[in-house]
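Notes to accompany the following structure.
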Amino acid sequence: MSGPQRYRSKGRIFADILRAVEEDGSAKVTHILYRANLSHDRLTKYLGQLEESGLVVRQEGTTYGITDKGRKFLAEFRRMEEFVEAFGLEL
Amino acid sequence: MFPPRWFIPLDVLFQLFTAVVALGIGLHALRGYLWIKERILYALFLAFMLLSAGLFVNGLTLAYAMSAGLNLGRKVALPVEVGYWAYYLLGILALSILAYAYLHRLRERNLALAAGGAAAATSSIVTYGPALELALSALLFIILAAQLAHLQVRRTRTAVLVALGFFLLLASHVLALVSQIGDLVYVASRVVQLGGFLTLLLALYHPRRRG
Numbered sequence: 001m002s003g004p005q006r007y008r009s010k011g012r013i014f015a016d017i018l019r020a021v022e023e024d025g026s027a028k029v030t031h032i033l034y035r036a037n038l039s040h041d042r043l044t045k046y047l048g049q050l051e052e053s054g055l056v057v058r059q060e061g062t063t064y065g066i067t068d069k070g071r072k073f074l075a076e077f078r079r080m081e082e083f084v085e086a087f088g089l090e091l
Numbered sequence: 092m093f094p095p096r097w098f099i100p101l102d103v104l105f106q107l108f109t110a111v112v113a114l115g116i117g118l119h120a121l122r123g124y125l126w127i128k129e130r131i132l133y134a135l136f137l138a139f140m141l142l143s144a145g146l147f148v149n150g151l152t153l154a155y156a157m158s159a160g161l162n163l164g165r166k167v168a169l170p171v172e173v174g175y176w177a178y179y180l181l182g183i184l185a186l187s188i189l190a191y192a193y194l195h196r197l198r199e200r201n202l203a204l205a206a207g208g209a210a211a212a213t214s215s216i217v218t219y220g221p222a223l224e225l226a227l228s229a230l231l232f233i234i235l236a237a238q239l240a241h242l243q244v245r246r247t248r249t250a251v252l253v254a255l256g257f258f259l260l261l262a263s264h265v266l267a268l269v270s271q272i273g274d275l276v277y278v279a280s281r282v283v284q285l286g287g288f289l290t291l292l293l294a295l296y297h298p299r300r301r302g
C-alpha cells in the first residue's frame with residue numbers, strides 16, 4: 001500500500017524521465033511511463049519539452065535517448081538535490 | 092556592537108572575506124537554479140546574495156569610518172548609520188527567506204511573504220544595535236532548530252556541516268550581543284562568523300567532490 005503521492009516539481013519529473021532513459025542508454029515510451037510514474041499525456045508533453053531543450057533525442061519510433069546535455073542536467077540535478085537536502089530542504 | 096579601534100582594519104578584511112564566501116555559496120545555488128529552475132535554489136541564491144551584500148556594505152562602512160577617523164560607538168556620521176542599517180536589514184531579509192524556506196518549503200507560498208514578514212518585523216524596531224542583533228539571532232535560531240530536526244531524520248556529513256555552520260553563525264550574533272564584555276568577545280564573534288560561512292561553503296563542496 002503506497003502512501004500519499006509526494007509533490008514532484010517539474011525539475012524532478014525531468015530528472016525522473018532522464019534517469020529512466022539513461023538506465024539503458026535509450027528507452028521506449030512504455031518503459032519511461034513505468035519508471036517515471038506519469039500518465040501518457042503528461043509524459044508526451046514532457047518528452048516534447050525535453051526534446052526541445054536538447055536533453056533527449058528521439059531515435060526511432062517511440063524510443064528516446066539521452067544527450068550529453070541531458071546527462072549534464074542529471075548530474076547537476078543530483079548535485080543540487082544533495083546540496084539542498086543538506087540544508088534540510090528538498091527539490 | 093562596535094569593533095574596538097585597533098580591530099577595525101582587520102574587521103574590514105573579515106567582513107569582506109566573509110562576504111566573498113557568502114557570495115560563493117549564493118553563486119553555487121544560482122548555477123543550480125539556471126540548470127534546473129527550482130524555486131528553492133533561487134531562494135538559497137537570494138538569501139546568500141543578500142547576506143553577502145550586507146557583509147560587503149558593513150565592510151565598506153567600517154572602512155569609511157576608519158578612513159574618516161570616526162569614533163564608533165558615539166554619535167556617528169550619517170553614512171555609517173545608513174551602512175549599519177543596510178547591514179542589519181539585508182541580514183534580516185536574507186535570514187527571513189531562509190527561515191521561510193525551512194518552515195514552508197516554498198511549495199505553494201510566495202517569496203514575497205517572506206520579505207513582507209521581514210519588513211513587518213523590522214519596522215517595529217526603532218534603532219539598530221542589540222534589537223536587530225536579537226532579531227538576527229532569533230531567525231538563526233529558527234533555522235538551526237529546523238536543521239537539527241532534519242538531522243534526526245537524515246544524518247549525513249553535509250547535513251551535520253550545515254547545522255554546524257548555522258550554529259556558528261548563531262553563536263557569532265550572540266557573541267556580538269554581549270561584546271560589551273570585552274574587545275576579545277567582539278573579535279571572537281567575527282572569527283566565529285567567518286567559521287560559520289566557511290563551514291557552509293565546505294558543506295557545499297562536499298557533495299561536489301563525490302559527485
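Sequences listed follow chains A and B, in order. Residue numbering for the first sequence follows my numbering, starting at 1 and increasing by one per position. Residue numbering for the second sequence follows my numbering, starting at 92 and increasing by one per position. Where is the CB? At the ideal position from N, CA and C, for every residue including glycine. Computed from a predicted structure; not experimentally measured.
Close-in-space but distant-in-sequence residues of the same chain around residue i (CB under 7 Å, 5 per side omitted)
{"i": "Gly54 (chain A)", "result": "Thr67, Lys69"}
{"i": "Val278 (chain B)", "result": "Phe98"}
{"i": "Leu197 (chain B)", "result": "Low confidence applies here, because Leu197 (chain B) scores a pLDDT of 46, under 50, leaving its location unreliable and the question unanswered by this model."}
{"i": "Thr290 (chain B)", "result": "Leu252, Leu255, Gly256, Leu259"}
{"i": "Leu295 (chain B)", "result": "Ile116, His119"}
{"i": "Gln284 (chain B)", "result": "Thr109, Leu260, Ser263"}
{"i": "Arg12 (chain A)", "result": "Leu91"}
{"i": "Gly61 (chain A)", "result": "none"}
{"i": "Gly86 (chain B)", "result": "Beyond the ends of chain B as shown, which are 92 and 302, falls residue 86 (chain B); an answer cannot be given."}
{"i": "Leu125 (chain B)", "result": "none"}
{"i": "His40 (chain A)", "result": "Leu33"}
Contact under 9 Å by Cβ, residue i with residue j
{"i": "Leu261 (chain B)", "j": "Leu293 (chain B)", "result": "no"}
{"i": "Val84 (chain A)", "j": "Leu132 (chain B)", "result": "yes"}
{"i": "Gly182 (chain B)", "j": "Leu141 (chain B)", "result": "yes"}
{"i": "Ala120 (chain B)", "j": "Phe147 (chain B)", "result": "no"}
{"i": "Ala86 (chain A)", "j": "Thr249 (chain B)", "result": "yes"}
{"i": "Tyr64 (chain A)", "j": "Glu81 (chain A)", "result": "no"}
{"i": "Gly117 (chain B)", "j": "Ser158 (chain B)", "result": "no"}
{"i": "Val282 (chain B)", "j": "Phe105 (chain B)", "result": "yes"}
{"i": "Lys307 (chain B)", "j": "Lys10 (chain A)", "result": "Examination of residue 307 (chain B) is not possible in this model, given that chain B is present from 92 through 302 alone."}
{"i": "Tyr193 (chain B)", "j": "Glu224 (chain B)", "result": "no"}
{"i": "Leu186 (chain B)", "j": "Leu231 (chain B)", "result": "yes"}
{"i": "Ala168 (chain B)", "j": "Ile233 (chain B)", "result": "no"}
{"i": "Arg79 (chain A)", "j": "Gly123 (chain B)", "result": "yes"}
{"i": "Gln159 (chain A)", "j": "Ser26 (chain A)", "result": "Outside the displayed range of chain A (1 to 91) lies residue 159 (chain A), so it cannot be described from this structure."}
{"i": "Val112 (chain B)", "j": "Phe288 (chain B)", "result": "yes"}
Close beta carbons around residue i, own chain, < 6 Å, minus the five adjacent residues each side
{"i": "Glu22 (chain A)", "result": "Ile66"}
{"i": "Phe77 (chain A)", "result": "Ala15"}
{"i": "Gly88 (chain A)", "result": "none"}
{"i": "Val103 (chain B)", "result": "Gly150, Leu153, Ala154"}
{"i": "Leu274 (chain B)", "result": "For the sequence presented, residue 274 (chain B) should be read as Asp rather than Leu. Cβ neighbours of Asp274 (chain B) beyond the five flanking positions: Pro95."}
{"i": "Ala237 (chain B)", "result": "Tyr193"}
Nonlocal neighbours in the same chain, by C-beta distance under 8 Å from residue i, ignoring five residues either side
{"i": "Ser228 (chain B)", "result": "Leu261, His264, Val265, Leu268"}
{"i": "His43 (chain A)", "result": "Here the sequence assigns Leu to residue 43 (chain A), which means His is not the residue at that position. Answer for Leu43 (chain A): Ile17, Val29, Ile32, Leu33, Ala36, listed in chain order."}
{"i": "Val276 (chain B)", "result": "Leu266, Val269, Ser270"}
{"i": "Leu239 (chain B)", "result": "Ala254"}
Beta-bridge partners of residue i, as assigned by DSSP
{"i": "His27 (chain A)", "result": "In the sequence on display, residue 27 (chain A) carries Ala and not His. Per DSSP, A:Tyr64."}
{"i": "Arg58 (chain A)", "result": "A:Tyr64"}
Count the C-beta pairs between the region 235-246 of chain B and the region 267-275 of chain B that are closer than 8 Å, then say yes if the count reaches three, no if not. no
Interface positions of the region 74-91 of chain A facing chain B (Cβ-Cβ less than 8 Å), listed along the chain: Ala75, Glu76, Phe77, Arg78, Arg79, Met80, Glu82, Phe83, Val84, Glu85, Ala86, Phe87, Gly88, Leu89, Glu90, Leu91
Under 8 Å: do the region 95-104 of chain B and the region 122-139 of chain B share three or more Cβ pairs, one atom per stretch? no
Would the region 7-18 of chain A and the region 34-51 of chain A be scored as touching if the rule is three or more Cβ pairs under 8 Å? yes
Counting only Cβ-Cβ distances shorter than 9 Å, please list the residues of the region 10-32 of chain A near chain B, keeping chain order. Lys10, Gly11, Arg12, Phe14, Ala15
Can you pull out the residues from the region 118-134 of chain B whose beta carbon lies closer than 7 Å to at least one beta carbon of chain A? Gly123, Trp126, Ile127, Lys128, Glu129, Ile131, Leu132
Report the residues of the region 227-238 of chain B with a CB closer than 8 Å to any CB of chain A, ordered along the chain. Ala237, Gln238
Beta carbons nearer than 8 Å to chain A: which residues of the region 252-271 of chain B have them? Leu252, Val253
Could you run through the region 95-115 of chain B and flag, in chain order, every residue whose CB is less than 9 Å away from some CB of chain A? none
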